[in-house]
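Heads up: the sequence shown begins at 1 in our numbering, then just goes up one per residue. Note that the Cβ used here is the ideal one computed from N, Cα and C, for glycine as well. Let me begin by presenting the structure, written as structure tokens, before commenting on it.
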Amino acid sequence: MLEDLVGLARETSSEKRRELMERVADLFVEGSEKYTDRELGLFGEVMSKLLEKSNATSRAELSEKVSRDANTPRDVALQLADDEIEIARPMLENSPNLTSDDLMSLVSSKGTEHRVAISGRSDLNVEITDELIQHGECEVLRAISGNQYAPVSDWGFGAIAEQASGDAQIQANLASRKDMSLAAAKNVLPLLPPGAQQQLMGLLEDDTGELVALVGQAVRDTSVKNIENKIERIDAMQLLGQVKEGERSLDSVISYLAKQDRPMDCAMVISKLSKMPEEQVASSLLKINGQGIALLCKAINIGREAFHDLARMRYARLSLPSSKADELALAYEDVDAGIAQRTLRFVSMKNSVSMAV
């Protein structure tokens, strides 16, 4: 066995390196529980060096083999978890060797697919789930809300519920979370459709009847709100007409609507001027990650102060500190208008192709 491995190690072809990686991985998995700390350390060094020279297929195979092994050297686990998603996924989903700090770092530094993989783990803590939720990505929110092993804070449930409108999967997931506190449920229930409300209330202990009363009030409030929304929408359409006629500036209209806490009317105005679907704009506006709405606003030349007003409104809606709005407004200054407009044209073209198919 040893002579064979030494012989393979001398080979430089990718196929031989792949064979060497397979043999080393098999040798490790077969006896990982029996090896001493020193031997495990040597395996770690060998695998790390092989990973540096191996192709993606070999790295993915190693990741699959060692992802669930508690004796996998942490450096190897991290190296694989930080790789491209097809290689990283087994480690992100299963590895017991990744610490909470490791996971938090990966959530912050990697992309959506890595965050989705992490969201399905059974050993997450509230700090990690809050960090995942703050990115505002629908795929991640679906995974977190559907993971019954993932603890979610009261704030986290509220933030997910804010994104649940029009997303049947998130609504269904929230309706099955029997671990939701009554305090969180008070914020979540009014944002769910009637069927999901009834299902969630059936799971929670509400001896006081407070949740039933809350839902009843929400129904009454919704009827009144629908009338108010129709009046406000007429007002917003008139304001948009004034912008198109040159009677009012776009910035003044956005600031006015934002200060009145009218996100859907802001979305309508931005939608009409950018020619993007209103639902897409609204989703971008109320996502925790503000990059999308920043690009949209820059593409239609919304000024910094008006965007700052918009940012204050959205972060207040998301129950996040106002300092986040200040940070986003500051970053907005650095967004290149040309790049934003090209991005908008690309997304518009992609939407057109999707509709045509």
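In the structure shown, residue 293 adopts helical secondary structure according to DSSP, grouped into three states.
With three or more CB-CB distances shorter than 8 Å, the stretch 63-74 counts as touching the stretch 22-30.
By the Cβ-count criterion, residue 54 is buried, with 16 or more other Cβ atoms from all chains shown falling within 10 Å of its own Cβ. Residue range 56-66 is occupied by the alpha helix (DSSP H) that includes residue 57. Secondary structure within the stretch 75-107: the alpha helix (DSSP H) runs of 4 or more consecutive residues, fully enclosed, are 85-94 (chain order). The beta-carbon separation of residue 159 and residue 318, rounded to 6 Å, stays under the 8 Å limit for a contact.
Between the alpha carbons of residue 137 and residue 163 lies a distance of about 9 Å. For residue 193, the closest of 301, 98, 174 and 134 by C-alpha to C-alpha distance is 174. A Cβ-Cβ distance of about 7 Å is found for the pair residue 271 and residue 277, placing them in contact under the 8 Å criterion. Rounded to the nearest angstrom, the gap between the Cα atoms of residue 122 and residue 201 is 25 Å. At a Cβ-Cβ threshold of 8 Å, residue 32 and residue 94 do not count as neighbours. Judged by DSSP in its simplified three-state form, residue 276 adopts coil rather than helix or strand. Put simply, the stretch 231-244 does not touch the stretch 305-313. Fewer than three CB pairs are less than 8 Å apart. Taking all protein chains in view, the Cβ of residue 83 is crowded by 16 or more other Cβ atoms within 10 Å, so the residue is classified as buried. Only exposed fits residue 149, as fewer than 16 other CB atoms lie within 10 angstroms of its CB. Where residue 129 is concerned, the enclosing alpha helix (DSSP H) starts and stops at 126-134.
Of the other Cβ atoms in all chains shown, 16 or more fall within 10 Å of the Cβ of residue 156; this residue is therefore buried. Residue 300 is positioned such that its CB atom lies no closer than 8 Å to that of residue 251. Residue 43 and residue 153 have their C-alpha atoms roughly 40 Å apart. Put simply, of 61, 334, 335 and 339 the residue whose alpha carbon is nearest the alpha carbon of residue 90 is 61. In the three-state DSSP reduction, residue 326 falls in the helix class (H, G or I). Annotation: residue 128 to residue 291 spans about 21 Å, alpha carbon to alpha carbon.
Rounded to the nearest whole angstrom, the C-alpha separation of residue 79 and residue 47 is 10 Å. Secondary structure of residue 20 (DSSP, three-state): helix. Residue 194 sits in a helix when the DSSP states are folded into three classes. In this structure, residue 161 lies near residue 191, with their beta-carbon atoms less than 8 Å apart. Ranking 177, 293 and 255 by CA distance to the CA of residue 344 puts 293 first. For residue 143 against residue 114, the beta-carbon gap comes to about 12 Å, at or over 8 Å, which does not count as contact. With contacts defined by Cβ atoms closer than 8 Å, residue 275 and residue 337 do not form a contacting pair.
For residue 49, the secondary structure class from DSSP, reduced to helix, strand or coil, is helix.
In the DSSP assignment, residue 249 falls outside any alpha helix (DSSP H), carrying neither H nor E.
Contact annotation: residue 98 and residue 117 have beta-carbon atoms that are not nearer than 8 Å. The C-beta distance from residue 273 to residue 266 rounds to 11 Å, too long to fall under 8 Å, and the pair is not in contact.
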